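The sequence shown: position 38 = 37 (numbering that gives the first Met the number 0), numbered continuously. All C-beta atoms in this analysis are idealised placements derived from N, C-alpha and C, irrespective of residue type, glycine included. All values derive from a computational prediction rather than experimental measurement.
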Amino acid sequence: MWSKYLALALALSFAVPAHAEEFTHRSYKLPDGAFEITGEPARPKVLGINLSKDQAGQPVYVAPHFYWGVSDPVTIGITHDRGLCLTGEDGGCPRLYDDVGLGMLIGLSEARNHEVDLHLGVPILSFDPFTIGSKFGALVRINAGSLVALVFDPFLYVGFNRRDEGNREELVLPVWVYFQTSPSVAPFVGASAEGPLDDFAGHYRIPVEGGVVFEISNNADLGVVFRFNNLLGHDGGADGRELGLMARFRF
0 MWSKYLALAL ALSFAVPAHA EEFTHRSYKL PDGAFEITGE PARPKVLGIN
50 LSKDQAGQPV YVAPHFYWGV SDPVTIGITH DRGLCLTGED GGCPRLYDDV
100 GLGMLIGLSE ARNHEVDLHL GVPILSFDPF TIGSKFGALV RINAGSLVAL
150 VFDPFLYVGF NRRDEGNREE LVLPVWVYFQ TSPSVAPFVG ASAEGPLDDF
200 AGHYRIPVEG GVVFEISNNA DLGVVFRFNN LLGHDGGADG RELGLMARFR
250 F
């Protein structure tokens, strides 16, 4: 089954852009009244296909985020980490749907060469057993000239319940570098350092990824991303892998 999703992702990645706006200078917040279906603002992955060793295609999941511009400086949304799992229990899905969250961006500073937003969230990591926490962070874009953007999305996760069972504090420090190689094409590379706050040095992970975003119109993007889940961290290696489809549709 996973091969069908791989073919779809690759086909969409070669779509011909129709009308583009620069990805490296676009605001992550929505205008007042706008609505968007996408992924995480910094890197909008909406579909993930596990390609790990001996687990290819298990699972496949769709995790859209739904954002609304409630005012010019404030965007709120419904978020997902895994969303809908499409491959069933035999394909690595304990349940069809088992997480949801609330997200918010609050603008602090913005110009053509930078953007700084508070990035807040209340994710429900599981419905059964019910597991909930909060995310506190910042979404930052810094432009280096007209063609390069550095994007940071660091946050601290704090578990509210089930703390004795591992739902505790976690620090996540991702960074991406986007290159606007043409008005409608933006390849990127990214990495992160992440792990439990109480023993970060002993359990940190360093995922590494690369991909490309195609801006097919002012209101739509498509793209692909390939990720090593823990290439360089503690006990890291190349066995854990994922292919993702990125998308953004604004209404």
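Local conformation of residue i per DSSP, three classes
i, result
"G120", "strand"
"V174", "strand"
"F250", "coil"
"A219", "strand"
"F159", "coil"
"H24", "helix"
"L244", "strand"
"L231", "coil"
"L50", "coil"
"A55", "coil"
"A148", "strand"
"A41", "coil"
"G239", "coil"
Cut-off 6 Å between Cβ atoms - residues of its own chain near residue i, not counting five sequence neighbours on either side
i, result
"G76", "H64, F65, Y66, G102"
"S12", "Residue confidence for S12 is low, a pLDDT of 43 falling below 50, so the modelled location carries little weight and cannot support an answer."
"A246", "V45, L221"
"C92", "P58, C84, T86"
"F250", "F34"
"G235", "N229"
Opposing strand residues paired with residue i [DSSP bridges]
i, result
"T180", "In DSSP, T180 forms no bridge with anything."
"P186", "V211"
Integer Cβ distance of residue i from residue j, believed to fall under 8 Å
i, j, result
"L242", "L50", "5 Å"
"A188", "G209", "First, the residue type needs correcting, since residue 188 is Val and not Ala in the sequence shown. Confirmed, Cβ separation roughly 5 Å."
"R161", "P195", "Between P195 and R161 the Cβ distance is about 14 Å, and since that is not below 8 Å, they are no contact."
Beta-carbon contacts of residue i that lie in its chain and below 8 Å, excluding the five residues immediately before and after
i, result
"F159", "I131, G132, S133, N166"
"Y203", "A192, E193, G194, G232, H233"
Min CB distance residue i to chain B below 7 Å
i, result
"D163", "The chain inventory of the structure shown lacks chain B, comprising one protein chain alone."
Same chain, Cβ closer than 7 Å to residue i, five either side skipped, listed in chain order
i, result
"S125", "D97, D98"
What are the complete beta strand (DSSP E) segments, minimum 3 residues, inside the segment 72-145? Entirely contained in the segment 72-145, the beta strand (DSSP E) runs reaching 3 residues are, in chain order, 73-78, 99-110, 113-126, 129-143.
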